[in-house]
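> Residue numbers (my numbering): 155 to 315. Below is the structure I would like to discuss, written out as structure tokens.
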């Protein structure tokens with residue numbers, strides 16, 4: 155299968171297997187203890203076993219290289235969604251039709267009878283109602299602004315809160 159072999163160190167021989175890691179790990183090297191240089195993307199590892207141990211029956215190693223990556227595939231990655239191939243093909247066909255200026259063929263229409271008031275309510279559903287005008291108390295004009303309108307930015311007259 156091309157994933158098993160023998161690891162030799164001195165006169166000792168150990169069975170070894172090449173396993174895929176759950177994610178790619180970047181390897182860095184430094185020449186001056188301050189600047190890092192990327193040297194490789196590591197995606198596989200060699201698992202060396204004792205002579206009596208059984209070889210792994212999977213090609214992907216369940217854990218990463220470091221303790222935080224234990225059960226990495228299960229904890230950090232979403233599982234593949236179960237998609238119906240016919241549904242995917244139908245949606246792709248509809249998207250191609252829409253992008254070419256056509257319409258959707260398989261459209262489910264729930265209700266086409268809208269009243270004018272209902273349609274108007276649907277258009278204004280996200281709009282806020284304008285704040286009601288606050289009644290101003292009778293205050294004698296002191297003439298301090300010399301005829302200019304009141305430019306106050308106070309929040310006293312804001313009833314929207």
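We treat Cβ as the ideally placed atom computed from N, Cα and C, and that holds for glycine.
1. Can you list, in chain order, the residues of its chain with a C-beta nearer than 8 Å to that of residue 258? Leave out the 5 residues immediately preceding and following it.
2. With three or more beta-carbon pairs closer than 8 Å as the criterion, would you say the segment 221–234 touches the segment 183–192?
3. Rounded to whole angstroms, what's the CA-CA distance from residue 168 to residue 201? Just pull it up for me.
4. According to DSSP, is residue 315 part of a helix, a strand, or is it coil?
5. The beta strand (DSSP E) that contains residue 173, what's its start and end?
6. Using only CA atoms, which one of 194, 177, 175 lies nearest to residue 183?
7. Give me whichever residues DSSP pairs with residue 195 in a beta bridge.
8. Cutting at 8 Å between CB atoms, please list the residues of its own chain near residue 218, excluding the five before and the five after it.
9. Going by CA-CA distance only, name the one from 232, 240, 171 that's closest to residue 159.
10. Measuring alpha carbon to alpha carbon, tell me which residue in 157, 238, 173, 205 is nearest residue 166.
11. DSSP on residue 250, reduced to helix/strand/coil?
12. For residue 209, tell me which candidate among 235, 256, 173, 244 has the shortest Cα-Cα distance.
13. So who's on the other strand from residue 158, going by DSSP bridges?
14. In angstroms, rounded to a whole number, what distance separates the CA positions of residue 233 and residue 164?
15. Helix, strand or coil for residue 241, going by three-state DSSP, please let me know.
Inspection of the coordinates gives the following:
1. 248, 251, 252
2. no
3. 10 Å
4. For residue 315, the predicted structure reports a pLDDT of 44, less than 50, and the residue's modelled location is therefore unreliable. The matter cannot be settled from this model.
5. 166–184
6. 194
7. 180
8. 175, 176, 177, 179, 224, 226
9. 171
10. 205
11. helix
12. 173
13. 171
14. 44 Å
15. helix
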